[in-house]
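Notes follow the structure.
In the numbering used here, the protein residues as written are 39 to 189.
The following block contains the structure:
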């Protein structure tokens, strides 16, 4: 299934879940914990680069097993930097994807640069990343476009 269709399916599920919460009594809604954002939602939120770097960690979820075969960076033209580390840790505490000290620019495919696809298990997942030496713009953002297809 293509990533776009997968995201649309997740959006429908989120909409249905939201309607169910609104329709339920307030006391039941107050007792219901918020679901974790999906990995795709967490990654597709663009990371803010401040003073030439970034550092974040987010607890998220993978709704079904998926193999990410492409993760292409979107940066401003001419912007370069270093991904110091990326770690995606699955529900069993095992690192499912990782990368260290990778030079990047607009269009870099992190899956290729980091040595292969990310086979992710369903369940709670932690996504953490650090980067530095981004320039010439020290305050900007970058996005990652995920795909289950090889690009």
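All residues carry an ideal CB built from backbone N, CA and C; glycine is no exception.
| message | So, with DSSP's three-state summary, where would you put residue 141? | response | strand
| task | For the beta strand (DSSP E) holding residue 182, just list the boundary residues, first then last. | result | 178–185
| What's the call for residue 173, buried or exposed, on a 16-neighbour Cβ count within 10 Å? | exposed
| query | Around the Cβ of residue 133, are there at least 16 other Cβ atoms within 10 angstroms (buried) or fewer (exposed)? | reply | exposed
| Alpha-carbon spacing of residue 120 relative to residue 141, whole angstroms | 4 Å
| request: Pick out the complete alpha helix (DSSP H) segments inside the stretch 85–168, 4 residues or longer, and give them in chain order. | output: 148–151
| said: Restricting to Cα atoms, I'd like to know which of 123, 111 and 128 is closest to residue 99. | reply: 128
| query | Looking only at its own chain, which residues have a Cβ that is under 6 Å from the Cβ of residue 170, when we skip the five neighbours before and after it? | reply | 91, 120 and 122
| task | Specify the secondary structure class of residue 188 as computed by DSSP and reduced to three states. | result | coil
| query | In terms of alpha-carbon separation, which member of 161, 185, 186 and 88 lies closest to residue 130? | reply | 161
| request: Take the Cβ of residue 138 as the centre, count every other Cβ of all protein chains shown within 10 Å, and call the residue buried at 16 or more, exposed below. | output: exposed
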